[in-house]
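The structure appears below as structure tokens.
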Amino acid sequence: MNKYCVNGFKFQIEEVSRNKKTNNSGVYIQGNVDGTSQTIEYYGVIQEIIEVRYLGWPKKKIVLFRCEWFDPSPRGTKMDH
0 MNKYCVNGFK
10 FQIEEVSRNK
20 KTNNSGVYIQ
30 GNVDGTSQTI
40 EYYGVIQEII
50 EVRYLGWPKK
60 KIVLFRCEWF
70 DPSPRGTKMD
80 H
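Residue 41 in numbering that gives the first Met the number 0 sits at position 42 of the sequence shown, and the numbers go up by one each step.
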């Protein structure tokens, strides 16, 4: 998929957003550092959107974003493949 809309938000892969006036390919998550109370922020760019549908009842689906992640901390930028 190139685009996905959920809860009033529209996400696009980087390739689609590249030549647009607005960019909707950025994502952000916040996580804990190895079980401590310290948090770290990660920023990413959506590379691919995949929707997986499960057969049967009730119908279920999950949407996965494959992203290129960046760590903007003082430790420098890193990529998580």
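Each residue gets a CB set at the ideal place from its N, CA and C atoms; glycine is no exception. Quick caveat: nothing in here was measured; it's all calculated off a predicted structure.
CB contact check: residue i to chain B, cutoff 8 Å
| i | result |
| --- | --- |
| residue 47 | Structure shown: chain B not included; a single protein chain is present. |
Exposure of residue i, with buried meaning 16 or more beta-carbon neighbours within 10 Å
| i | result |
| --- | --- |
| residue 43 | buried |
| residue 45 | buried |
| residue 29 | exposed |
| residue 4 | exposed |
Residue i versus residue j: straight-line alpha-carbon distance, rounded
| i | j | result |
| --- | --- | --- |
| residue 63 | residue 7 | 17 Å |
| residue 32 | residue 2 | 31 Å |
| residue 18 | residue 50 | 24 Å |
| residue 53 | residue 20 | 36 Å |
Assigned secondary structure, residue i (DSSP; H/G/I helix, E/B strand, else coil)
| i | result |
| --- | --- |
| residue 15 | helix |
| residue 32 | coil |
| residue 37 | coil |
| residue 7 | coil |
| residue 55 | coil |
For residue j and residue i, believed in contact at Cβ under 8 Å, the rounded distance
| i | j | result |
| --- | --- | --- |
| residue 12 | residue 47 | 6 Å |
| residue 10 | residue 22 | The Cβ separation is near 11 Å, so there is no contact. |
| residue 66 | residue 15 | Going by Cβ atoms, the distance from residue 66 to residue 15 rounds to 14 Å, so no, they are not a contact pair. |
**Asked** For the 8 Å Cβ check, are there 3 or more pairs between the stretch 24 to 39 and the stretch 55 to 63?
**Response** no
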